[in-house]
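*Asks:* Can you read through this structure? Questions will come right after.
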Amino acid sequence: MSILRNIDPDNGRLSFGKIPKILDLPYLIELQRASYENFLKEGIRETFADISPIEDFTGNLVLEFLDYQLDPPTYTTEECRDRDATYARPLKVRVRLITKEGGDIKEVKEQDIFMGDFPCMTERGTFVINGAERVIVSQLVRSPGIYFTQNIELNQKRTFACTVIPNRGAWLEFVASADDIISVSIDKARKVPATVLLRAVGFGTDEELRELFNHDPILEPTLEKDAFSSTEEALIEIYRKQRPGDPPSVDSAQQLLQNLFFSPKRYNLALVGRYKLSRKLGQMITCQNTGVLVKPGILEDPDTGATINYNQTLIREDLVAVVRYMLALMRREQNERPPQGGVTEGGLPVTNDRGIFWLEPSAETQYRTTVRVDDIDHLGNRRIRAVGELLMNQFRVGLLRLERVVRERMTVQDLETVTPQALINIRPVVAAIKEFFGSSQLSQFMDQTNSLAELTHKRRLSALGPGGLSRERAGFEVRDVHYSHYGRVCPIETPEGPNIGLIGSLASYARVNHFGFMETPYRRVICRANHDVKHEGNVVYKKGDIVPRRKRHALILEGATVSVTVQVTDQIDYLSADEEDEHTICQANTRLNEKFQVTEERVVARAKHETQIVAREDVDYMDISPQQIVSIATALIPFLEHDDANRALMGANMQRQAVPLIKPDAPLVGTGVEYRAAKDSGALVVSAHTGEAVSVNANEVKIKDENGVVHTYTMLKFKRSNAGTCINQRPAVKLGDWVKAGDVIGDGQSSVNGELALGRNVLVAFMPFQGYNYEDAILLSEEMVTDDIFTSIHIEEYECEARDTKLGAEEITRDIPNVGEEALKDLDERGIVRIGAEVRTEDILVGKVTPKGETELTAEERLLRAIFGEKARDVRDTSLKVPHGEKGKVIDVKVFSRETTDELSPGVNQLVRVYVAQKRKIMQGDK
4 MSILRNIDPD NGRLSFGKIP KILDLPYLIE LQRASYENFL KEGIRETFAD ISPIEDFTGN
64 LVLEFLDYQL DPPTYTTEEC RDRDATYARP LKVRVRLITK EGGDIKEVKE QDIFMGDFPC
124 MTERGTFVIN GAERVIVSQL VRSPGIYFTQ NIELNQKRTF ACTVIPNRGA WLEFVASADD
184 IISVSIDKAR KVPATVLLRA VGFGTDEELR ELFNHDPILE PTLEKDAFSS TEEALIEIYR
244 KQRPGDPPSV DSAQQLLQNL FFSPKRYNLA LVGRYKLSRK LGQMITCQNT GVLVKPGILE
304 DPDTGATINY NQTLIREDLV AVVRYMLALM RREQNERPPQ GGVTEGGLPV TNDRGIFWLE
364 PSAETQYRTT VRVDDIDHLG NRRIRAVGEL LMNQFRVGLL RLERVVRERM TVQDLETVTP
424 QALINIRPVV AAIKEFFGSS QLSQFMDQTN SLAELTHKRR LSALGPGGLS RERAGFEVRD
484 VHYSHYGRVC PIETPEGPNI GLIGSLASYA RVNHFGFMET PYRRVICRAN HDVKHEGNVV
544 YKKGDIVPRR KRHALILEGA TVSVTVQVTD QIDYLSADEE DEHTICQANT RLNEKFQVTE
604 ERVVARAKHE TQIVAREDVD YMDISPQQIV SIATALIPFL EHDDANRALM GANMQRQAVP
664 LIKPDAPLVG TGVEYRAAKD SGALVVSAHT GEAVSVNANE VKIKDENGVV HTYTMLKFKR
724 SNAGTCINQR PAVKLGDWVK AGDVIGDGQS SVNGELALGR NVLVAFMPFQ GYNYEDAILL
784 SEEMVTDDIF TSIHIEEYEC EARDTKLGAE EITRDIPNVG EEALKDLDER GIVRIGAEVR
844 TEDILVGKVT PKGETELTAE ERLLRAIFGE KARDVRDTSL KVPHGEKGKV IDVKVFSRET
904 TDELSPGVNQ LVRVYVAQKR KIMQGDK
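Read in order, the letters of the sequence shown correspond to residues 4 to 930 in this note's numbering.
Following this line, the structure appears as C-alpha cells:
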C-alpha cells in the first residue's frame, strides 16, 4: 500500500522521498499569463482613464475615451513566424468628442478609432515580434513606499533619514541631523525644517504643531530652527526653494504644493505605494469609493465585498505620520529609552515589549506599529513588475505623447467640422509599443535551446532595465543572497559573470500577489489544548480547542497551566516576506506522526534572519517541501543537498544548454519535477478536451470529445528554434487511448512521455584510462557515435531577396551565366533548390541574377550581343550559396512574392527562404 501511495499520478514514477508531497507545483508560467491578462482586462482601461478627458485650453472641445475592444489576430502564430509578422490584435477605441459653446454642449460626435496592432501573448507566454519569438522578463525593483535608514556619525550618534518614493512624481526626503533637527527636501531641492512643510499644509502655529506630537521635547530643536509662524509664510518659503528666481505669491505657492503631492495627475503612489506607506506608519486607509477605514492589505470591503480603492496621492496626515515616526526613532535612540513594558513620560507613546519598540496609536485612524529602520534588500521592499505592468507603463508614455498632439490639434481645427479621427494621431502610441518590444532591455530574444531553457527564461527576474539597477553601480549587498529570498528567489540559479545576483529565478512554489510582492506557501501549525485551560477559576479553553501562541504565553505568565499538542494542518497560507517576519517557521523535514502531530519537543525553525532551535509550541508554520527554496532548473538536480553550491549553480545553468537529441531518454533517477517542467514550458502538445484518440499519426492527433466533436492537434515537424535546434513534436498517445483535458498528447524536442529528457542514460565508469580522461576530459565508446546516442539535428535558415535596383529588377532564375549543368542539377525550373537535396559548401540554393551597369563593349562582346541578343545581356551571378563549412539536407523552402499579395519590405519583389538541416554526431570538443 505504501508503495502505491508514493506513485506520482502524473508520470507513474515511484517516490523514495521521506517527505510526502503536500502541494502540487503551481502553473509555472502563471506570472506571465496572469499579468498580461490583467493588462488586457484592467490595465488598458486604467491607462485611458488616466488621460481622459482631454480638454483644449478654452474648454470648448472635450475628447473622451469610452470603451475599447481587441479584435482577433490576422494570422496564427505559425503564419507570423513564416511571414516575419507580429502576432497582434487590432485595438479599436470608442471616442466621444464634445463641442461646447459658452459652457453649453453644442454637439456630441462618437467614432470608433483604430489605435494600432497590439502584440498578443501566445499560449506559451511568449510574443512573436517580426517573426521571432520573444520573452518579456519580469523586473525586480524597489517598491514605491516609504523607507527609513540610519547613519552612524563620527561621534557614534545615530542619525535617521526617510525617503517617500512614489510611482510617479516628486521624491520627499526627511533627514534628522546629529543636533536633532528634522529637515525636508522636496524633489532634491534645498532643505527646509520639516515643520515648514507641516505649516504649509495647514498646521500653521507652533501650538498646533506641539499639540500634533503630544508636546514631544525632541521636536523643539526643529521648531527653534523654523523661523516662520504661519501657513502663508511657509508656502512662500517652499515656493522660493522650488522655483528660485520666480516672484512668489501665496496662490501660486499653494498651486505648486497641490501639484507636487496632492494632484492625481502629477503624483501617484500606486496601490502598492499606499499599502507600504500606511503599513509602515501604522495608519488605517480611508477608501475613496466607500469611506470605510481598513488596515493596509485588505482589498475588499468586509461587509459588501466591493473592491476597495486606495487613495494614491499623499494626504496631509501622511506628512504628520512621517515626522511622528522620525521622532519615535530618535526617541528610541536617546537615553530616555522606555523601560520594559513602560511608556516614556511626555511626548509620543513609544513602548518596549521584550526589546521590540512600538509606536502606540494616538487616534482612531492609527494602529500599533514597530519602530525600526528598513533593510532595502529585503524582499518586503522589492517587488516584481511583470509584463502587464511594464506594458502599461509604456502604453501610458504613448498616450501622454498622444494627449499633447491632440491638444495642439484642438487649437487649429475648425469647431464645426472637427472629428475625433482628425484630432487623434496614433503614431506616438504605436511607436511606444514598438520601441518597448523591439529595443527594451527587458524584451529578449527567447532562449529556445531546449524546453527547460524556454521555461527558465519566462521565470527569470532581472534587477536591470529602466528604473532598475545598472551592473556597474550595483554593490555586493544587492547581489547577495538575503534571508527573505527563502521560497521566493532561488539562491543558486544566477549567472556567473558581471550579472551575478542581479538576475535570478523565481523559486518553484513562489507566486506574485496583488501588490507585486512574492509569496511562498506554508502549512499552518496549531496548538490544541490537552485539557481544560482555567484562568482565575474560569475555563477559557476547553480540551481540543485551538490556543493561539500569544494567548498561551500570556496565560503562562499569569500562572495558568497550559499543555498543548502541536499539529500541522492541511491549511496552506501564502506569506509575503513582510508577513513571514512576524512568524516562526519550522523545516519541511520536521518529524510528524500519522496524525500530523510534531513528535520532537524542540525543532529547527527560522525567525526572521536567524535559524534557531525552538520549542515546538512556538512554531506558527511549516515549510511545504524542501524544493520550495530553489528554482525549477535547480530542483531538477538529484541529491542537490550533497552538491557544493558553486557547482550546483553551474549545473542549473548548464542544463539549459543541452541540445535536443534525436533519441532522448527520460532520466532513470528524477526529482519529480520533470513532468511539470516539460508540460508548462509550452514545448509539448497538451489536450484541451477530454475524449478518445480517434486518429494518431506523425503530423496530427484527433481527439473525439464526449459530445462527438473531433478536435485536431497539429504537431510541429522539423521547425527551426531561435537557437537553431530542431523542434519536432511526436504523438505521445496511441489510437484508442482515453485522454483527459490537460494531458500531454504530443512530446516536444526534449521530452519523453511528457517528462523532460535533456540527455541519455549511459553507463559511466569512474576510472583512469591511460591519461586520456585527465582532469575534465572524458572518453566515449565508438558505439555511442555510430548508434547516434548523442546525435542532434541543427537547422539553418538561408534567405534570398530579389529587389528592384537602379539598373533594373533582380531575377530569381535557373538561367545563370557561366554556370555548368552539374551545379544546377538540384534546382527546379524556378531556380530554387528542391526539398530533399543534399547540399555542401558553395552549392547553389537559389539562382539569382542582378543587372550589371552598361560598360564600353569589346568587339567580341558586341559580336556575341549581335548573335545571341538578350541572352548575353549584362547580368552577374548573385545566387544564394551554402556558406563555407556548412552542409546538410534541404528540408523546407518558402517562397513569398508580391504577385501573391504577401507583405514584403519596400523594394523587395520576391523572398525565398531555404531551411537546411544538418545531423551532427558527437565529436571532440563537444561539451
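Yeah, the Cβ is synthetic: ideal placement off N, Cα and C, and Gly gets one too.
#1: Hey, how far is the Cα of GLU110 from the Cα of ILE101?
#2: Between which residues of its own chain and SER5 is the CB-CB distance below 8 Å, once the five residues before and five after are set aside?
#3: Determine which residues share a DSSP beta bridge with TRP361 and list them.
#4: Looking at C-alpha atoms only, which residue of TYR525, HIS586, TYR30 is the closest neighbour of ILE632?
#5: Assign TYR775 to buried or exposed, taking buried as 16 or more other Cβ atoms, counted over all protein chains shown, within 10 Å of its Cβ.
#6: I'd like to know if the segment 809–828 and the segment 839–858 are in contact, where contact means that at least 3 CB-CB pairs between them fall below 8 Å.
#7: Just verifying my parser: in three-state terms, what is the DSSP assignment at PRO629?
#8: Given a cut-off of 8 Å on the beta-carbon distance, is the pair MET395 and THR80 in contact?
#9: Drop a sphere of 10 angstroms on the beta-carbon of GLU240, count the other beta-carbons inside from all chains shown, and report buried for 16 or more, exposed for fewer.
#10: Using the three-state DSSP reduction, which class does ARG806 fall into: helix, strand or coil?
#11: The alpha helix (DSSP H) that contains GLU236, what's its start and end?
#12: Can you tell me whether ASN41 is helix, strand or coil according to DSSP?
#13: Within 8 Å (strictly less), CB to CB, does HIS586 reach chain B?
#14: Looking only at its chain, what residues have a beta carbon closer than 7 Å to the beta carbon of PRO169, apart from the 5 residues adjacent to it on each side?
#15: Along the chain, where does the alpha helix (DSSP H) that runs through CYS530 open and close?
#16: DSSP three-state label for PHE1, please.
#17: Where GLU832 and ALA840 are concerned, what is the direct C-alpha to C-alpha distance, given to the nearest angstrom?
#18: Which runs of the alpha helix (DSSP H) at least 4 residues long sit entirely within the segment 175–215? Give them in chain order.
#19: Do LEU332 and LEU222 have their C-beta atoms closer together than 8 Å?
#20: Skipping 5 residues on each side, what residues in its chain have a beta carbon closer than 7 Å to that of GLU703?
#21: Over the uninterrupted beta strand (DSSP E) stretch that includes GLU613, give me the two end residues.
#22: With DSSP as the reference, label SER443 as helix, strand or coil.
#23: Of the residues GLU367, LYS545, ALA920, which one's Cα is nearest the Cα of ILE730?
#24: Apply the 10 Å Cβ neighbour rule to LYS44 and answer buried if 16 or more other Cβ atoms are within range, or exposed otherwise.
#25: Going by alpha carbons, who is nearest to ARG48 out of ALA192, VAL885, LEU200, GLU392?
#26: Since SER281 is in the alpha helix (DSSP H), which residue starts that stretch and which ends it?
#27: Classify GLY344: buried if its beta carbon has 16 or more other beta carbons within 10 angstroms, exposed otherwise.
#28: Does the structure place the segment 528–542 close enough to the segment 488–496 that three or more beta carbon pairs sit under 8 Å?
#29: State the DSSP-derived secondary structure class of ARG161, mapped to helix, strand or coil.
#30: In terms of DSSP beta bridges, what is ALA124 paired with?
#31: Could you compute how far the alpha carbon of PRO299 sits from the alpha carbon of MET287?
#32: Short check: CB of VAL898 to CB of VAL915, under 8 Å?
#33: Would the beta-carbon of GLN447 fall within 8 Å of that of ARG137?
#34: So ILE185 and PRO196 are in contact, right, with Cβ under 8 Å, and what is the actual spacing, rounded?
#35: Confirm, please, whether the CB-CB distance from ALA669 to VAL765 is below 8 Å.
#36: Indicate whether GLY757 and VAL767 have their beta-carbon atoms separated by less than 8 Å.
*Replies:* Walking through what the data contain:
#1: Roughly 6 Å between the two C-alpha positions.
#2: Residue placement at SER5 is flagged as unreliable, the pLDDT there being 47, under the threshold of 50; a coordinate-derived value is accordingly withheld.
#3: Assignment of beta-bridge partners to TRP361 by DSSP yields THR354, THR373.
#4: Of the listed residues, the one whose Cα sits closest to ILE632 is TYR525.
#5: Around the C-beta of TYR775, fewer than 16 other C-beta atoms lie within 10 Å, and the residue is accordingly described as exposed.
#6: Judged by pairs of C-beta atoms under 8 Å, the segment 809–828 touches the segment 839–858, as three or more such pairs exist.
#7: If DSSP states are grouped into helix, strand and coil, PRO629 belongs with the helices.
#8: Against a cut-off of 8 Å, the Cβ pair of THR80 and MET395 comes out as no contact.
#9: It is buried - the Cβ of GLU240 has at least 16 other Cβ atoms within 10 Å.
#10: ARG806: strand per DSSP, three-state reduction.
#11: Its alpha helix (DSSP H) spans residues 234–245.
#12: Helix at ASN41.
#13: Included in the structure is just one protein chain, with no chain B present.
#14: Answer for PRO169: PRO147, TYR270, ASN271, LEU272, GLY276, listed in chain order.
#15: Here CYS530 belongs to no alpha helix (DSSP H); instead the beta strand (DSSP E) covers 521–532.
#16: Nothing can be reported for residue 1, as the shown portion of the chain is limited to 4 through 930.
#17: Roughly 15 Å separates the two Cα atoms.
#18: Counting whole runs of 4 or more residues, the segment 175–215 contains the alpha helix (DSSP H) stretches 197–203, 209–215.
#19: Not closer than 8 Å, so no.
#20: Residues of the same chain with a CB within less than 7 Å of the CB of GLU703, apart from the 5 flanking positions on each side, are THR715, TYR716, THR717, MET718 in chain order.
#21: Element bounds for GLU613: 613–618.
#22: SER443 sits in coil when the DSSP states are folded into three classes, being neither helix nor strand.
#23: Closest by alpha carbon: ALA920.
#24: Exposed, since its Cβ has fewer than 16 Cβ neighbours within 10 Å.
#25: Taking only the C-alpha atoms, the option nearest ARG48 is GLU392.
#26: In the DSSP assignment, SER281 falls within the alpha helix (DSSP H) that extends over 273–284.
#27: The pLDDT assigned to GLY344 is 48, lower than 50, so where the model puts this residue is not dependable, and the model offers no usable value.
#28: In this structure the segment 488–496 does not lie against the segment 528–542, because fewer than three pairs of beta carbons, one per stretch, are closer than 8 Å.
#29: Three-state result, ARG161: strand.
#30: The question names Ala, but residue 124 is Met in the sequence shown. DSSP, once it has assigned bridges, lists PHE130 as partnering MET124.
#31: So the alpha carbons of these two residues sit roughly 7 Å apart.
#32: Yes, Cβ-Cβ distance for VAL898 and VAL915 is below 8 Å.
#33: Yes.
#34: Contact annotation, ILE185 with PRO196: C-beta distance approximately 7 Å; criterion of less than 8 Å satisfied.
#35: Cβ atoms of VAL765 and ALA669: not closer than 8 Å.
#36: No.
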